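J.:
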Amino acid sequence: QVQLKESGPGVVKPSQTLSLTCAVSGFSLTSYGVDWVRQAPGKGLEWVGAIAGSGGSTYYNPTLKSRLSITRDTSKSQVYLQLTSVNPEDTVMYYCATDTVRGTGQYSLVCASL
53 QVQLKESGPG VVKPSQTLSL TCAVSGFSLT SYGVDWVRQA PGKGLEWVGA
103 IAGSGGSTYY NPTLKSRLSI TRDTSKSQVY LQLTSVNPED TVMYYCATDT
153 VRGTGQYSLV CASL
């Protein structure tokens with residue numbers, strides 16, 4: 053069974069670094085990529101970035117690229133997001149998703165609030 057479980061600090065102050073972890077099970081990170089998206093209240097989903105399964109290449113939203121880092125530890129089956137110099141616009145819900153469940157609504161989420 054494919055599962056994604058996120059964890060994070062809950063509260064991050066302006067100018068600090070937001071660090072989120074997406075722990076996955078039921079599939080291999082070397083076979084499937086993981087995407088991060090976020091959603092502001094009353095707004096649509098915004099793609100943040102992704103890390104590919106094969107090779108682990110990373111792809112970032114151009115508007116966040118200078119502050120964003122997505123990495124993974126395949127031995128721990130975890131994907132990490134780091135967003136530096138957070139500001140009020142970053143006060144949104146963050147989601148991680150994988151290709152294996154995309155489109156099914158099986159998203160886990162964590163709120164990172166400032």
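Using my numbering, the letters of the sequence shown map in sequence onto residues 53 to 166.
C-beta: ideal position from N, C-alpha, C; glycine also.
Quick caveat: nothing in here was measured; it's all calculated off a predicted structure.
1. For Trp-99, is the classification buried or exposed, using 16 other Cβ atoms within 10 angstroms of its Cβ as the cut-off for buried?
2. Here's a check: name, in chain order, each residue in its chain whose Cβ is nearer than 6 Å to the Cβ of Leu-70, leaving out the five neighbours to either side.
3. Please report the straight-line C-alpha distance between Gly-60 and Ser-118, rounded to a whole angstrom.
4. Output needed for Ser-77: all residues of its chain with C-beta closer than 7 Å, excluding positions within five of it in sequence on either side, in chain order.
5. How many Å lie between Thr-123 and Pro-66 at the Cα?
6. Measure the CB-CB distance between Gly-94 and Leu-120 and report whether it falls below 9 Å.
7. Tell me whether the beta-carbon of Gly-105 lies closer than 9 Å to the beta-carbon of Thr-73.
8. To the nearest angstrom, report how far apart Tyr-84 and Tyr-111 are at their CA atoms.
T.: The short version:
1. Stepping through the sequence shown from its first residue, residue 99 is reached at position 47. Result: exposed.
2. Stepping through the sequence shown from its first residue, residue 70 is reached at position 18. If we look at Leu-70 and ignore the five residues flanking it on each side, its Cβ neighbours are Val-64, Leu-135, Val-138, Ala-164.
3. What you label residue 60 is simply residue 8 of the sequence shown in a count that begins at 1. What you label residue 118 is simply residue 66 of the sequence shown in a count that begins at 1. For Gly-60 and Ser-118, the distance between alpha carbons rounds to 21 Å.
4. Position 25 of the sequence shown, counting from 1, holds the residue named residue 77. Once the five neighbours on either side are set aside, the close Cβ partners of Ser-77 are Gln-55, Ser-129.
5. For the purposes of this step, residue 123 is taken as the residue at position 71 of the sequence shown. For the purposes of this step, residue 66 is taken as the residue at position 14 of the sequence shown. Near 23 Å, if we compare the C-alpha coordinates of Pro-66 and Thr-123.
6. By one-based count along the sequence shown, residue 94 stands at place 42. By one-based count along the sequence shown, residue 120 stands at place 68. No, Cβ-Cβ distance for Gly-94 and Leu-120 is not below 9 Å.
7. In the sequence shown, the residue the question calls residue 105 occupies position 53. In the sequence shown, the residue the question calls residue 73 occupies position 21. Not a contact, by the Cβ cut-off of 9 Å.
8. Start at 1 with the first residue of the sequence shown, and residue 84 comes out as number 32. Start at 1 with the first residue of the sequence shown, and residue 111 comes out as number 59. For the pair Tyr-84 and Tyr-111, the Cα-to-Cα distance works out to about 14 Å.
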